[in-house]
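320 is the number that this note's numbering gives to position 320 of the sequence shown; each next residue is one higher, with no gaps.
Glycine residues also receive a C-beta, built at the ideal position from the N, C-alpha and C atoms.
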Amino acid sequence: MQRQVLLSVAAVIAFMLAGCSAQISSFERVPYNGLAKTPPMGWNSWNLFANKIDDHTVRTVADAMASNGMRDAGYIYVNIDDTWEGVRDAQGTLSGNQRFPNMKALADYVHSKGLKLGIYSSPGPLTCARYMGSYGHEDQDAVTFATWGIDYLKYDWCSAATIYNYDDGLQTAYSKMGSALQATGRPIVYSVSAYGTANADKWGAEVGGNLWRTTQDISDTWDSMIGNIEEQVSTAPYAGPGHWNDPDMLEVGNGHMTDDEYRTHMSLWALAAAPLLAGNDVRTMSASTKSILLNSEVIAVDQDPLGKQSSRIKKRDFEIWVKPLADGSVAVGAVNLGSASIQVTIDARDLGLSGTVENARDLWEHREVHFSRNAYSATVPAHGVLLLKVSAS
Ligand code: GLA
Numbered sequence: 001m002q003r004q005v006l007l008s009v010a011a012v013i014a015f016m017l018a019g020c021s022a023q024i025s026s027f028e029r030v031p032y033n034g035l036a037k038t039p040p041m042g043w044n045s046w047n048l049f050a051n052k053i054d055d056h057t058v059r060t061v062a063d064a065m066a067s068n069g070m071r072d073a074g075y076i077y078v079n080i081d082d083t084w085e086g087v088r089d090a091q092g093t094l095s096g097n098q099r100f101p102n103m104k105a106l107a108d109y110v111h112s113k114g115l116k117l118g119i120y121s122s123p124g125p126l127t128c129a130r131y132m133g134s135y136g137h138e139d140q141d142a143v144t145f146a147t148w149g150i151d152y153l154k155y156d157w158c159s160a161a162t163i164y165n166y167d168d169g170l171q172t173a174y175s176k177m178g179s180a181l182q183a184t185g186r187p188i189v190y191s192v193s194a195y196g197t198a199n200a201d202k203w204g205a206e207v208g209g210n211l212w213r214t215t216q217d218i219s220d221t222w223d224s225m226i227g228n229i230e231e232q233v234s235t236a237p238y239a240g241p242g243h244w245n246d247p248d249m250l251e252v253g254n255g256h257m258t259d260d261e262y263r264t265h266m267s268l269w270a271l272a273a274a275p276l277l278a279g280n281d282v283r284t285m286s287a288s289t290k291s292i293l294l295n296s297e298v299i300a301v302d303q304d305p306l307g308k309q310s311s312r313i314k315k316r317d318f319e320i321w322v323k324p325l326a327d328g329s330v331a332v333g334a335v336n337l338g339s340a341s342i343q344v345t346i347d348a349r350d351l352g353l354s355g356t357v358e359n360a361r362d363l364w365e366h367r368e369v370h371f372s373r374n375a376y377s378a379t380v381p382a383h384g385v386l387l388l389k390v391s392a393s
């Protein structure tokens, strides 16, 4: 009798645990798709063009990227954001709207330039700009995207909030599309975009995501940019080859920050191992915008194969961000948060290197610099950055 009671207690506990774990893990874990071993690089239409994007503009952007050095520097993805969507036919197949009359032909064109094409949808019925979303058509849309030759999908939460809950609803919604993409057999980078809600950094990789937004939308201001990067301190452990934190797209060249601020923006994104998705008009870049987006030494920090995200050390009137690199050196950025220029000193003891630090390279000035007694000092302008690659011997 006593044994029977024990058995039934055990059965009840087992039942509760099963029920509980079913609730916790009601989403399907999606295996890694093998893509984005380094943070994705490319361009996205939203920051500058928003709903004023069309087939012709995308083609001319691709032409520019293939000829202005961007493609060769690694900016491979040409990503159409929201507002391309048209209607579904009687079978439920989605097509582009009047501004995107033939998505397959557009993909062929972009591919002919040695670039890849990205697209945008939502797990909800409507996108954030209230165009058609993928809810109820996830498998079908994944197949449509693959048939067109799409290489990258940004999947944006938006109206999915009306369908799914915030406990495990995001995981359910995102894993549905993650597995649908993989079932197509086409390599498609998967960008989870839920603006930093629901801790996507902690589960983004489990739903098949290669990157996930960790912040609200960026805008072309110092406060927005620096605010987004400050939020990356806690996300650092979740970055690594194949899966990246995404503090949102670049604003470099959009005209509302100074060149010093844009250099800081680019440096901090590289230190954070963030996706580098230019958000400006790459067809008409100024020489200084070009020199920022195309600085190969800074891009190399972002694309370092170790895939570590930087950590932050706060100093009195500046902060430094330190990113370990695959060759045993570190990239270090000292950012002047103030509105007057200051002298910053990098203390070699903050960098986690073992050995003597003597030589370093200034990645914006493109020259060697020298530490003396474990320290290097330089003047950094308001909102500017000193970015070094430092190794020990
Ligand atoms: C959201 C996203 C943006 C952009 C717009 C499009 O706001 O965060 O990046 O994709 O939707 O509507």
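Here the distance from the Cβ of residue 249 to the nearest heavy atom of the ligand GLA is below 8 Å. Taking a cut-off of 8 Å for Cβ pairs, the region 324 to 331 and the region 230 to 243 do not touch, as fewer than three such pairs fall below it. Around the CB of residue 144, 16 or more other CB atoms lie within 10 Å, so the residue is classed as buried. A distance filter of 6 Å between CB atoms and the heavy atoms of the ligand GLA selects the following residues in sequence order: 46, 81, 82, 127, 128, 129, 156, 193, 195 and 217. In the three-state scheme derived from DSSP, where H, G and I count as helix and E and B as strand, residue 187 is classed as coil. In the three-state reduction of the DSSP assignment, residue 115 falls in the coil class. In the DSSP assignment, residue 362 falls within the unbroken beta strand (DSSP E) covering 357 to 362.
Scanning the region 266 to 307 from its first residue to its last, the whole beta strand (DSSP E) runs of 3-plus residues come out as 276 to 278. Membership of residue 334 in the beta strand (DSSP E) is indicated by the continuous run 330 to 336. Residues of the same chain with a CB within less than 7 Å of the CB of residue 281, apart from the 5 flanking positions on each side, are 48 in chain order. Residue state for residue 321 is assigned as strand, using DSSP reduced to three classes. Around the Cβ of residue 365, a 10 Å sphere holds fewer than 16 other Cβ atoms; the residue is exposed.
Burial state of residue 185 is exposed, judged by a 10 Å Cβ sphere holding fewer than 16 other Cβ atoms. Counting only the Cα atoms, residue 235 lies some 20 Å from residue 189. Within the same chain, and ignoring the five residues on either side of residue 46 in sequence, the residues whose Cβ sits closer than 6 Å to its Cβ are 81.
Take the alpha-carbon of residue 83 and the one of residue 53: they are about 8 Å apart. The beta carbon of residue 201 is closer than 7 Å to those of 212, 214, 235, 238 and 245 in its chain, skipping five residues each way along the sequence. Cβ-Cβ distances below 7 Å link residue 254 to 47, 48, 220, 279 and 280 in the same chain, with the five nearest sequence neighbours on each side left out; the list follows chain order. With contacts defined as CB atoms closer than 9 Å, residue 209 and residue 267 fail to qualify as a contacting pair. In this structure residue 389 is in contact with residue 329, their Cβ atoms being roughly 6 Å apart against a cut-off of 8 Å.
Take residue 96, set aside five residues on each side of it, and the residues of its chain with a beta-carbon closer than 6 Å to its own are 84, 86 and 103, in chain order. DSSP lists no beta-bridge partner residue for residue 80. In this structure, 60 is the residue among 124, 60 and 138 with its C-alpha nearest to the C-alpha of residue 106.
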